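Numbering (this note's numbering), first residue to last: 175 to 342. The C-beta atom is built at its ideal place from N, Cα and C for all residues, glycine as well. Note that the structure is predicted; figures quoted are calculated from it, not measured. Below: the structure, in structure tokens.
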């Protein structure tokens with residue numbers, strides 16, 4: 175079987191939550207663990223689809239937890255924050271996954287704000303410098319609070335403002 179077909183089968187197993195199928199495929203073709211798809215690594219895909227058991231399996235199998243990939247070259251933590259999977263965000267933070275704040279598209283806090291995932295915002299505030307400001311094509315001197323305001327996430331914005339005031 176060619177690698178592209180195996181990759182499609184692995185992706186299908188992850189998307190549909192078929193852990194045993196994933197294990198079988200990776201045991202037969204262990205080098206596929208490091209495969210990167212247009213959607214990122216297998217960890218990105220499992221994080222996006224909310225499959226914690228698969229994430230645990232992939233990490234125990236030795237997948238690179240900080241690998242970047244996918245549309246915005248982000249890591250799995252950003253994917254989980256974008257999709258609103260609190261349990262996975264928590265698990266990845268506990269696994270010491272890198273929290274990439276180099277760009278707003280990579281910042282998991284901005285991803286959680288964008289999706290309106292308040293519980294994830296609360297978790298990430300304890301792990302990220304919320305005063306980081308970004309400037310670029312679409313934003314000028316914008317921190318998490320300003321981003322929440324712009325996105326219309328007023329409850330999150332009020333929470334971030336309180337957190338910023340506490341740190342001063």
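Below 8 Å, enough C-beta pairs join the stretch 211-221 and the stretch 249-268 to call them touching: three or more. For residue 308, the beta-bridge partners assigned by DSSP are 316.
Residue 301 counts as exposed, since fewer than 16 other beta carbons sit within 10 angstroms of its beta carbon. In the structure shown, residue 208 adopts helical secondary structure according to DSSP, grouped into three states.
For the pair residue 278 and residue 231, the CB atoms are not nearer than the 7 Å cut-off.
For residue 289 and residue 297, the gap between their C-alpha atoms comes out near 15 Å. The Cβ atoms of residue 195 and residue 187 sit closer than 7 Å to each other. Contact check for residue 286 against residue 255 passes: the beta carbons are separated by less than 7 Å. The beta carbons of residue 206 and residue 237 sit no closer together than 7 Å.
DSSP places residue 290 in the coil class of the three-state scheme, outside both helix and strand.
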